[in-house]
Structures are given as C-alpha cells and as structure tokens.
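Have a look at the structure below, then the notes.
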C-alpha cells in the first residue's frame, strides 16, 4: 500500500511539473508577446493580425504591445515589462540595431525565446529566427520603379528616417546598388534623413528643389518621408512632375498613390511576417528546429494595378 501511495505521489508531482521550462509541454498553453515597432501603425497592425490568426490556429496565447513612437527609449521599458511577465517567447521589431541589444540580452538570459520580425539588432546571437522583407531587394525594386518613372535619367534623391534602422538602411543600400549598377543616366544625389518627421522631410525637399530645380525623382523609404516630400512638391507646383516612389502600402500610402503624390509603392507582406514569427516561436519553445533567416517578398504597386484583387489582398489594414 505504501509503495502504491508513493507511486501515486510521484505521478501527481510529474503532472504538476509538466509543461514548465523550455518545452512548454504537458498541455500548458504557450505564451507569446509581440512587441511592435510602432503601435497603431498599419504595417505593424497587419503584422499583428497575421500573428493573431496563426496564434489562434496553433492554440497560442498572444499579447501585443508597442510604443507610441518608433523609438528605443520608448520600446525598452516595454521589453523590460515583458521580461518581467516571463512569456515563453517574444516576437519583436527592434527600433534600433544597437540600443535594443541590452534589453533583449536580458530577455535572452531569462530563457525567453526571441524571434526578430521586420527589424533586427547587430548582435547576431540575438534572435533564434529573423523574419523580414528582403529590404535589399525592395530597395532595388524601388530604384527600378523610379528609373522607369523618370525615363532612366535625371537627378534622384533618397529621403529616409534615421541611420541605424536595419530595414531602411537595407532599402537605401539596395537602391544605391541598383542605381549604380544598372541606371547610368541617373544622377544620384544621395540620402538625407528626416528623423521620421513630416515637416523635416518637407524642408529637405524644399532645399533640394532650391539647389536642384531639375530634380527628377525621390525615393521615400517610409510613409512620413513620402508625406513630407509630397507636401513640398505640392507647394512647389511639382506634384507629379517630380516622380516619387514610396515604401509600404497602408491606407495613407494607397491614398497618396491614387492622389498622384507617389507614382509607385513597394508593398511588404507584414501579415506573413507575423504568422511565420508565431510558427518559429512555437518551434523554439517546443525545442523543434527553427529557421534562422526567413526573407519575405515585396510587390510594386502602381495606379495601374492597385485595384486588382491579387494586389488588394496585400494592402495593409488598420485592424483585423
């Protein structure tokens, strides 16, 4: 009898401990937190929708948080709070390649499985999987689209956010490499940084038009850069004359396209990024193989194809 009771006690202890630790086995639901780069922004909301759908499919508990600005000083305390809540895994779009290393190192030390989505950090040991648009390829696509719009010749300017954001850095690199390799008629004027500020982007374009009134094209690497540049072009009476290619395809970007502010958009697939992030997080928590790097595609959207069903499916959403 005593042996039977001891065996029962051992079984109860095993059942109580089941699912604790790295494999989240024994029936415990896997807990994942998605830390967006910017809360409420359509790219990240579409990413969250993809993550939520996949989490529901796989029976994962998902929490979504994000800062009100794309700023490491605002994202860091969110990461610290997530670490304190000890989820099994964290999907995160780091807001700076260097500044987010320290808080993510803390998360890693707590055995939280980290999956990087959209953006990355310089420390290659952080992020069991890195899932993002092939931004180098996206930048090259932007160069091709702009070259086509301006007839393969003329002066072209890039307006970006800040150096140190992995996604836009790659877009710039892809754009520059494509221009130099395949578009000899384009006089590349370099990149200027708007600090993700609409008014600053407008000032940059005003100054560029004063210096180079024959400016032919602009590549704006994100929404705020395109909004500010478009405002300056409109004020100067150059809207549509100076061609512009933007990045992303949220409601505001699509409106810019239809209004003739931009002539082409490079659309990412944030929903796919979110879904794949959940898949990789679950694999990591269960101790299954994880894919270290997963590039996703980008599509050129123009006024001519924006209303096609296959393009409508990839436009970003403000909510699920």
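Residue numbers (our numbering): 497 to 816. C-beta: ideal position from N, C-alpha, C; glycine also. None of these values were measured; they are calculated from a predicted model.
Classify residue i as helix, strand or coil using the three-state DSSP reduction.
i: residue 520; result: Only weak support exists for where residue 520 lies, its pLDDT of 43 falling under 50; the coordinates are left without a value.
i: residue 804; result: coil
i: residue 743; result: strand
i: residue 812; result: coil
i: residue 616; result: coil
i: residue 671; result: helix
i: residue 750; result: helix
i: residue 796; result: strand
i: residue 561; result: strand
i: residue 661; result: coil
i: residue 599; result: helix
i: residue 548; result: helix
i: residue 629; result: strand
i: residue 735; result: strand
i: residue 688; result: strand
i: residue 786; result: coil
Please list, in chain order, all residues of the same chain as residue i whose beta carbon is under 6 Å from its beta carbon, the five residues on each side excluded.
i: residue 798; result: 760
i: residue 727; result: 698
i: residue 613; result: 587, 589, 627, 769 and 773
i: residue 827; result: This structure cannot settle anything about residue 827, because the visible part of the chain is limited to 497 through 816.
i: residue 650; result: 712
i: residue 658; result: 689 and 691
i: residue 717; result: 656, 664, 667 and 743
Between the options, which has its C-alpha nearest residue i's C-alpha?
i: residue 722; options: 685, 709, 710 and 762; result: 762
i: residue 753; options: 735, 765 and 806; result: 735
i: residue 653; options: 700, 696 and 805; result: 700
i: residue 764; options: 528, 610 and 615; result: 615
i: residue 640; options: 815, 795, 802 and 814; result: 795
i: residue 729; options: 801, 757, 719 and 624; result: 757
i: residue 749; options: 802, 732 and 648; result: 802
i: residue 601; options: 583, 576 and 671; result: 576
i: residue 607; options: 582, 557 and 638; result: 582
i: residue 625; options: 785, 671 and 679; result: 785
Determine the extent of the alpha helix (DSSP H) in which residue i is found, giving its start and end residues.
i: residue 766; result: 766 to 781
i: residue 574; result: 568 to 581
i: residue 529; result: From DSSP, residue 529 is part of no alpha helix (DSSP H) but of the beta strand (DSSP E) over 527 to 531.
i: residue 727; result: 719 to 731
Please go through the same chain and pick out, in chain order, the residues whose beta-carbon is closer than 8 Å to the beta-carbon of residue i, but skip the five residues on each side of it.
i: residue 669; result: 632 and 635
i: residue 594; result: 617, 618 and 660
Since residue i is in the beta strand (DSSP E), which residue starts that stretch and which ends it?
i: residue 709; result: Premise fails: residue 709 is in no beta strand (DSSP E) and is neither H nor E.
i: residue 654; result: 650 to 656
Might you give, ordered along the chain, the residues of its own chain that have their beta carbon closer than 7 Å to the beta carbon of residue i, omitting 5 neighbours on each side?
i: residue 642; result: 652, 713, 715, 739 and 741
i: residue 813; result: 538, 541, 542 and 545
i: residue 499; result: Annotation note: pLDDT 36 at residue 499 (below 50); position unreliable, no value reported.
i: residue 510; result: With a pLDDT of 34 at residue 510, under the threshold of 50, the predicted position of this residue should be treated as unreliable, though the coordinate-derived value follows. If we look at residue 510 and ignore the five residues flanking it on each side, it has no Cβ neighbours.
i: residue 827; result: Since the first residue shown for the chain is 497 and the last is 816, residue 827 is missing from the structure and cannot be characterised.
Using the Cα positions of residue i and residue j, report the straight-line distance between them to the nearest angstrom.
i: residue 519; j: residue 592; result: In this predicted model, residue 519 has a pLDDT of only 41, less than 50, meaning its place in the structure is not dependable; the value taken from the coordinates is given anyway. Each residue's Cα considered, the two are about 30 Å apart.
i: residue 766; j: residue 811; result: 10 Å
i: residue 597; j: residue 603; result: 10 Å
i: residue 568; j: residue 531; result: 12 Å
i: residue 793; j: residue 667; result: 13 Å
i: residue 779; j: residue 788; result: 12 Å
i: residue 703; j: residue 790; result: 39 Å
Quick check: is any heavy atom of the ligand MG less than 6 Å from the C-beta of residue i?
i: residue 665; result: Although the ligand MG was asked about, the structure shown includes no ligands whatsoever.
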